Amino acid sequence: MKMIMRWFPHGDDSVTLEQIRQVPGVSGVATCLPKIPVGEVWPLEEILAVKNEVNAAGLEMEVIESVNIHEDIKKGLPTRDQYIANYIKTLENLGKAGVKCLCYNFMPVMDWARSDLAAPLDDGSFVMAYRHEEVLQMNPEKMAKAMEGKARGYSLPGWEPERLDAMARDIEFYQSMTKEQYWDNMKYFLDAVVPYAEEYDIKMAIHPDDPPWPLYGLPKVITNSENIRTFLDLNNSQYNGLTLCTGSLGSDLNNDLPAMMREFGSMKRIHFAHVRNVHHLNEKDFDEAAHLSACGDLDMYAIMEALYESGFDGYIRPDHGRMIWGEQARPGYGLYDRAIGANYLLGLWEAIDKSYKKKGEIQ
Ligand code: CS2
Ligand code: MN
23 MKMIMRWFPH
33 GDDSVTLEQI
43 RQVPGVSGVA
53 TCLPKIPVGE
63 VWPLEEILAV
73 KNEVNAAGLE
83 MEVIESVNIH
93 EDIKKGLPTR
103 DQYIANYIKT
113 LENLGKAGVK
123 CLCYNFMPVM
133 DWARSDLAAP
143 LDDGSFVMAY
153 RHEEVLQMNP
163 EKMAKAMEGK
173 ARGYSLPGWE
183 PERLDAMARD
193 IEFYQSMTKE
203 QYWDNMKYFL
213 DAVVPYAEEY
223 DIKMAIHPDD
233 PPWPLYGLPK
243 VITNSENIRT
253 FLDLNNSQYN
263 GLTLCTGSLG
273 SDLNNDLPAM
283 MREFGSMKRI
293 HFAHVRNVHH
303 LNEKDFDEAA
313 HLSACGDLDM
323 YAIMEALYES
333 GFDGYIRPDH
343 GRMIWGEQAR
353 PGYGLYDRAI
363 GANYLLGLWE
373 AIDKSYKKKG
383 EIQ
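If you count the sequence shown from 1, position 190 lands on 212 in the working numbering, and the numbers rise without skipping.
What follows is the structure in structure tokens.
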């Protein structure tokens, strides 16, 4: 298992590599090339430039989060073949740069959705929050504007400005698409790309839909165990795997996260885990909690134990953190709370590992 943290290059992050290097137990970063328009090939030189910067700081760059999927692929348009060819070329370049795991998502039109990027908690910290009715009342364009306004000048992953113009048109397009057609489009992409992921030795790791329920009539597919089984069956390669995000899947109280870790972990299909807690106010309203079990509804010990027992040897990162100690940073991606989260998870892992080894000695 390797503990990593997300980091954005080209000065688009308040957190530095030098700071991440000082977080005990963190060996690398998950990063991206945010300036390349979605659908275009990531040039090898640009990938290597970021890799060199990361390596020079004493960290590894084995995980990319994300190479976004062009909307034409999700829509199943004839133009998808060119975008898929570009994706494959990007994979080749990432492989040359030593990347081992690629996190991406297949959510239509937009990435994650929240109604507030800085909701105050009683302890004076700020969290990202989701209030279902508010989200339904905002149209996505309004949400995008609100997100942009509150992002303190940082581009928000998944809400890249180039996506916003086409949003209304795209939402319209999906209204007539069935879930089956959406699965077909996904399979078409996977069958084309996964053989190359194998060749370049890069584990593909899809991120769940966030929140894991339909919004604005858009299909949502990576939401629960049943759907994840369908997804894994679309292409049976081990290279077609998961980013198991407890923050996203944990927003739906029906999801049994330890059971999911156990099932998909033992299939060796979890390559990347985002581990964070969620605090529900009711079924569909929630705050992004601090990582500790006591701060939310998820049993983080049980989650880490299930991951451990499945023989997990992929990457873990703390997920979004709260904004604490007056930090000014990209929402969800401050240094302090994620560093605390990473070390809490490492502490759980160490305790689980030692208790297993001890049991082994006794037997
Ligand atoms: C991330 C997602 O910040 C976040 O919420 O977990 O944006 C994630 O990076 C993408 O969905 C992966 O493509
Ligand atoms: Mn996540």
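All residues carry an ideal CB built from backbone N, CA and C; glycine is no exception. Computed from a predicted model, the values in this text were never measured in an experiment.
Tell me where the beta strand (DSSP E) around F148 begins and ends.
F148 to Y152 is the span of the beta strand (DSSP E), which, as asked, contains F148.
Among the candidates W134, D133, A135 and M150, whose CA atom is the shortest distance from the CA of A141?
Nearest C-alpha to A141: M150.
With distances taken from each beta carbon to the nearest heavy atom of the ligand MN, which residues come in below 6 angstroms, in chain order?
Checking every Cβ against the heavy atoms of the ligand MN under 6 angstroms gives H229, C267, G269, S270, H296 and D341.
Take the Cβ of P130 as the centre, count every other Cβ of all protein chains shown within 10 Å, and call the residue buried at 16 or more, exposed below.
Buried.
Between D7 and the ligand CS2, is there a pair consisting of the residue's CB and a ligand heavy atom that are separated by less than 7 angstroms?
This structure cannot settle anything about residue 7, because the visible part of the chain is limited to 23 through 385.
Check the C-beta distance from G50 over to E82 and give it rounded, since I have them as a contact under 8 angstroms.
Yes, G50 and E82 are in contact; Cβ-Cβ is about 3 angstroms, under 8 angstroms.
Please state if the CB of W64 and the CB of N127 are separated by a distance shorter than 8 angstroms.
No, they are not a contact pair.
Considering only C-alpha positions, which residue in the set A135, A78 and I362 is nearest to K242?
Here the closest residue by C-alpha is A135.
Using only the heavy atoms of the ligand CS2, determine whether one of them is closer than 7 angstroms to the beta carbon of W347.
No, the ligand CS2 has no heavy atom inside 7 angstroms of this Cβ.
Going by the C-beta, is C317 closer than 7 angstroms to any heavy atom of the ligand CS2?
Not under cutoff, so the answer is no.
Which residues bound the alpha helix (DSSP H) around S288?
It spans L279 to S288 - the alpha helix (DSSP H) in which S288 sits, taken as one unbroken run.
Determine whether the beta carbon atoms of L329 and N299 lie at a separation below 8 angstroms.
No. Outside cutoff.
Below 8 angstroms between beta carbons: does that hold for C267 and H229?
Yes.
Within 7 angstroms: the Cβ of S88 and any heavy atom of the ligand CS2?
Result yes, Cβ under 7 angstroms from the ligand CS2.
May I ask you to list the residues that DSSP assigns as paired with R28?
Its beta-bridge partners are A52.
Mapping DSSP to helix, strand and coil, what is L271?
DSSP places L271 in helix when its eight states are reduced to three.
G263: which of F334, S198 and F195 sits nearest, CA to CA?
Per the Cα distances, F334.
List the DSSP bridge partners of G263.
The partner list for G263 (beta bridge, DSSP) reads A227.
Classify M345 as helix, strand or coil using the three-state DSSP reduction.
Looking at M345 - three-state DSSP - the assignment turns out to be strand.
Based on Cα-Cα distance, which residue from T112, M132 and R344 lies nearest to I193?
Answer by Cα proximity: M132.
In terms of DSSP beta bridges, what is R339 paired with?
According to DSSP, R339 bridges with H296.
Suppose you measure from the CA of I224 to the CA of G363; what does that come to, to the nearest Å?
Using only the alpha carbons, I get a separation of about 27 angstroms.
What three-state label does DSSP hand V89 in the structure shown?
It is coil, neither helix nor strand.
Looking at the ligand CS2, does it come within less than 7 angstroms of Y109, judged from the CB to the closest heavy atom?
False, no ligand heavy atom lies under 7 angstroms from that Cβ.
Taking 7 angstroms as the cut-off, is the beta-carbon of G354 closer than that to any non-hydrogen atom of the ligand CS2?
Yes, the Cβ of G354 comes within 7 angstroms of a heavy atom of the ligand CS2.
Do you know offhand how far G287's Cα is from S332's?
Each residue's Cα considered, the two are about 5 angstroms apart.
Nearest to F148 by CA position, among E155, L139, H154 and K97, is which residue?
When only C-alpha atoms are compared, the closest one is L139.
State yes or no: is the C-beta of D223 nearer than 7 angstroms to some heavy atom of the ligand CS2?
D223 Cβ: outside cutoff for every heavy atom of the ligand CS2.
What residues in its chain sit with their C-beta under 7 angstroms from that of V216, if we drop five residues either side in the sequence?
The residues are M226, N257, S259, Y261 and N262.
If you compare alpha carbons, which of I244, M282, Y152 and G47 is closest to D231?
The option with the nearest alpha carbon to D231 is I244.
Just checking D309 against the ligand CS2 - is the residue's beta carbon closer than 7 angstroms to any of the ligand's heavy atoms?
Outside the cutoff, so no.
Verify whether the separation of the beta carbon atoms of E163 and A188 is less than 8 angstroms.
Contact flag unset, no.
F308 lies in the beta strand (DSSP E); which residues open and close that run?
Taken as a continuous stretch (DSSP letters only), the beta strand (DSSP E) holding F308 covers F308 to E310.
Got a sec? Which residues, its chain only, sit under 8 angstroms from I86 by beta carbon, not counting five neighbours each side?
Correct list, in chain order: A52, T53, C54, L116, V121, C123, L124 and C125.
Should A316 be labelled buried (16 or more other beta-carbon atoms within 10 Å of its own) or exposed?
Answer is exposed; the Cβ neighbour count stays below 16.
So what's L81 in DSSP terms, helix, strand or just coil?
L81 falls in the coil class under three-state DSSP.
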